[in-house]
Amino acid sequence: SNSNVNDKIVLLQLNDFINKAPCLHSLIINNWNPSAIQDLPLHIISNSIRRLDLQSGHCLKRDRCFNSEQCAAFLRSSWAKQCEILEIVVNDQSMIDDLVNDITNLKALKVMLQPGRWDDHFPSREEMIRWMASQYSRTFAKNIIDTETMRFWIC
(Lines of atoms letter the chains of each structure in order from A and count residues from 1; the text may use other names and numbers.)
(Lines give C-alpha, C1' and ligand atoms only; values in the text may rest on other atoms or scores of the structure.)
Protein backbone atom coordinates (compact mmCIF):
# COMPACT_ATOMS: atom_id res chain seq x y z
CA SER A 1 0.00 0.00 0.00
CA ASN A 2 0.99 3.65 -0.31
CA SER A 3 1.30 3.93 3.45
CA ASN A 4 3.90 1.14 3.59
CA VAL A 5 5.85 2.66 0.70
CA ASN A 6 5.78 6.08 2.37
CA ASP A 7 6.93 4.57 5.68
CA LYS A 8 9.86 2.88 3.93
CA ILE A 9 10.86 6.10 2.17
CA VAL A 10 10.69 8.04 5.44
CA LEU A 11 12.68 5.29 7.18
CA LEU A 12 15.41 5.50 4.51
CA GLN A 13 15.48 9.30 4.77
CA LEU A 14 15.67 9.14 8.57
CA ASN A 15 18.48 6.59 8.40
CA ASP A 16 20.37 8.82 5.95
CA PHE A 17 19.86 11.84 8.21
CA ILE A 18 21.05 9.98 11.32
CA ASN A 19 24.12 8.70 9.46
CA LYS A 20 24.99 12.32 8.61
CA ALA A 21 24.59 13.39 12.25
CA PRO A 22 27.22 11.41 14.19
CA CYS A 23 26.80 13.63 17.26
CA LEU A 24 23.03 13.19 17.50
CA HIS A 25 22.31 12.31 21.13
CA SER A 26 18.52 12.59 21.32
CA LEU A 27 15.77 11.28 19.06
CA ILE A 28 12.09 11.97 19.60
CA ILE A 29 9.68 10.16 17.31
CA ASN A 30 6.58 12.29 16.90
CA ASN A 31 3.69 11.91 14.46
CA TRP A 32 4.62 8.70 12.72
CA ASN A 33 2.60 5.65 11.81
CA PRO A 34 2.33 3.78 15.13
CA SER A 35 2.88 0.38 13.52
CA ALA A 36 6.30 1.51 12.24
CA ILE A 37 7.61 2.77 15.59
CA GLN A 38 8.37 -0.68 16.98
CA ASP A 39 10.54 -1.50 13.95
CA LEU A 40 12.68 1.65 14.07
CA PRO A 41 15.44 0.25 16.31
CA LEU A 42 15.81 -2.71 13.96
CA HIS A 43 16.37 -0.59 10.85
CA ILE A 44 18.19 2.49 12.12
CA ILE A 45 21.70 2.13 13.49
CA SER A 46 23.36 4.93 15.41
CA ASN A 47 26.24 4.90 17.84
CA SER A 48 25.47 8.31 19.29
CA ILE A 49 21.79 8.31 20.31
CA ARG A 50 21.52 8.23 24.11
CA ARG A 51 17.98 9.55 24.62
CA LEU A 52 15.13 7.86 22.81
CA ASP A 53 11.50 8.95 23.06
CA LEU A 54 9.12 6.46 21.44
CA GLN A 55 5.93 7.85 22.99
CA SER A 56 6.03 11.61 22.47
CA GLY A 57 3.07 13.04 20.63
CA HIS A 58 1.03 9.90 21.18
CA CYS A 59 1.29 9.85 24.94
CA LEU A 60 -2.44 10.15 25.55
CA LYS A 61 -3.43 7.63 22.86
CA ARG A 62 -0.62 5.18 23.70
CA ASP A 63 -0.94 3.58 20.28
CA ARG A 64 2.78 2.81 20.02
CA CYS A 65 2.69 -0.08 22.44
CA PHE A 66 5.58 -2.57 22.43
CA ASN A 67 4.56 -6.21 22.93
CA SER A 68 6.97 -8.80 24.37
CA GLU A 69 8.50 -9.75 20.99
CA GLN A 70 9.02 -6.12 19.98
CA CYS A 71 10.48 -5.30 23.38
CA ALA A 72 12.88 -8.27 23.12
CA ALA A 73 13.92 -7.13 19.63
CA PHE A 74 14.50 -3.61 20.94
CA LEU A 75 16.66 -5.00 23.76
CA ARG A 76 18.84 -6.76 21.14
CA SER A 77 19.24 -3.58 19.08
CA SER A 78 22.19 -1.21 19.11
CA TRP A 79 19.95 1.47 20.60
CA ALA A 80 19.37 -0.53 23.77
CA LYS A 81 23.10 -1.01 24.25
CA GLN A 82 23.76 2.74 24.41
CA CYS A 83 20.42 4.14 25.60
CA GLU A 84 20.56 6.20 28.79
CA ILE A 85 17.09 7.77 28.74
CA LEU A 86 14.10 5.91 27.31
CA GLU A 87 10.42 6.77 26.98
CA ILE A 88 8.28 3.84 25.86
CA VAL A 89 4.81 2.25 26.06
CA VAL A 90 4.62 -1.48 26.85
CA ASN A 91 1.72 -3.88 27.15
CA ASP A 92 2.94 -5.90 30.12
CA GLN A 93 4.48 -5.07 33.49
CA SER A 94 7.13 -7.78 33.08
CA MET A 95 8.69 -5.75 30.27
CA ILE A 96 9.54 -3.04 32.79
CA ASP A 97 11.80 -5.59 34.51
CA ASP A 98 13.45 -6.43 31.20
CA LEU A 99 14.05 -2.77 30.35
CA VAL A 100 15.50 -1.88 33.75
CA ASN A 101 17.67 -4.99 33.98
CA ASP A 102 18.82 -5.38 30.36
CA ILE A 103 19.64 -1.81 29.31
CA THR A 104 22.98 -1.52 31.05
CA ASN A 105 23.50 2.24 30.56
CA LEU A 106 19.93 3.20 31.50
CA LYS A 107 19.72 6.20 33.83
CA ALA A 108 16.08 7.21 33.38
CA LEU A 109 13.01 5.36 32.16
CA LYS A 110 9.55 6.76 31.53
CA VAL A 111 7.27 3.85 30.85
CA MET A 112 3.53 3.60 30.33
CA LEU A 113 1.40 0.50 30.37
CA GLN A 114 -1.06 -0.04 27.54
CA PRO A 115 -4.55 1.29 28.34
CA GLY A 116 -6.58 -1.22 30.29
CA ARG A 117 -3.50 -3.08 31.54
CA TRP A 118 -2.78 -0.90 34.57
CA ASP A 119 -5.51 -2.30 36.82
CA ASP A 120 -4.54 -5.86 35.85
CA HIS A 121 -1.19 -5.35 37.55
CA PHE A 122 -1.76 -2.77 40.28
CA PRO A 123 -5.20 -2.58 41.92
CA SER A 124 -4.04 0.48 43.87
CA ARG A 125 -1.33 3.11 43.76
CA GLU A 126 0.04 1.83 47.08
CA GLU A 127 0.42 -1.68 45.66
CA MET A 128 2.29 -0.29 42.67
CA ILE A 129 4.68 1.58 45.01
CA ARG A 130 5.25 -1.58 47.10
CA TRP A 131 5.98 -3.56 43.93
CA MET A 132 8.49 -0.97 42.72
CA ALA A 133 10.20 -0.78 46.11
CA SER A 134 10.57 -4.56 46.26
CA GLN A 135 11.73 -4.92 42.66
CA TYR A 136 14.01 -1.94 42.29
CA SER A 137 15.93 -1.22 45.46
CA ARG A 138 18.59 0.58 43.41
CA THR A 139 16.09 2.91 41.79
CA PHE A 140 13.85 5.75 42.70
CA ALA A 141 10.42 5.47 41.16
CA LYS A 142 7.61 7.93 40.90
CA ASN A 143 4.14 7.65 39.46
CA ILE A 144 2.79 10.78 37.83
CA ILE A 145 -0.41 11.56 39.71
CA ASP A 146 -3.60 10.30 38.05
CA THR A 147 -1.79 8.71 35.10
CA GLU A 148 -0.53 5.30 34.14
CA THR A 149 3.02 6.59 33.70
CA MET A 150 5.94 5.41 35.79
CA ARG A 151 9.28 7.18 35.89
CA PHE A 152 12.45 5.49 37.09
CA TRP A 153 15.74 7.14 37.88
CA ILE A 154 18.47 4.53 37.99
CA CYS A 155 21.26 5.07 40.54
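Note that the sequence shown ends on residue 156 in the working numbering; no numbers are left out.
Glycine included, C-beta positions come from ideal geometry on N, C-alpha and C.
Item checked: Range covered by the beta strand (DSSP E) that runs through Cys41 -> For the purposes of this step, residue 41 is taken as residue 40 along the sequence shown, with counting starting at 1. The displayed chain sequence assigns Leu, not Cys, to residue 41. Note, Leu41: premise wrong, no beta strand (DSSP E); alpha helix (DSSP H) at 41-44.
Next item on the list: Could you say which of Leu53, Asn68, Leu12 lies nearest to Ala81 if we only look at CA atoms?
Entry: Working through the sequence shown from its first residue, we reach residue 81 at position 80. Of the listed residues, the one whose Cα sits closest to Ala81 is Leu53.
Note to self: Which residue marks the beginning of the beta strand (DSSP E) containing Asp93, and which one marks its end?
What the structure shows: Taking the first residue of the sequence shown as position 1, residue 93 is located at position 92. No beta strand (DSSP E) holds Asp93; DSSP gives it neither H nor E.
Check: Is the beta carbon of Leu107 sitting closer than 8 Å to the one on Leu76?
Finding: Position 106 of the sequence shown, counted from the start, is the residue given in the question as residue 107. Position 75 of the sequence shown, counted from the start, is the residue given in the question as residue 76. Their beta carbons are not under 8 Å apart, which means Leu107 does not touch Leu76 by this criterion.
Next item on the list: With distances taken Cα to Cα, identify the nearest neighbour of Leu13 among Leu28, Ile29, His44.
Entry: Working through the sequence shown from its first residue, we reach residue 13 at position 12. The shortest C-alpha separation from Leu13 is found at His44.
Check: Is the Cβ-Cβ distance between Gln94 and Leu114 less than 8 Å?
Finding: Numbered from its first residue, the sequence shown carries residue 94 at position 93. Numbered from its first residue, the sequence shown carries residue 114 at position 113. Their beta carbons are under 8 Å apart, which means Gln94 touches Leu114 by this criterion.
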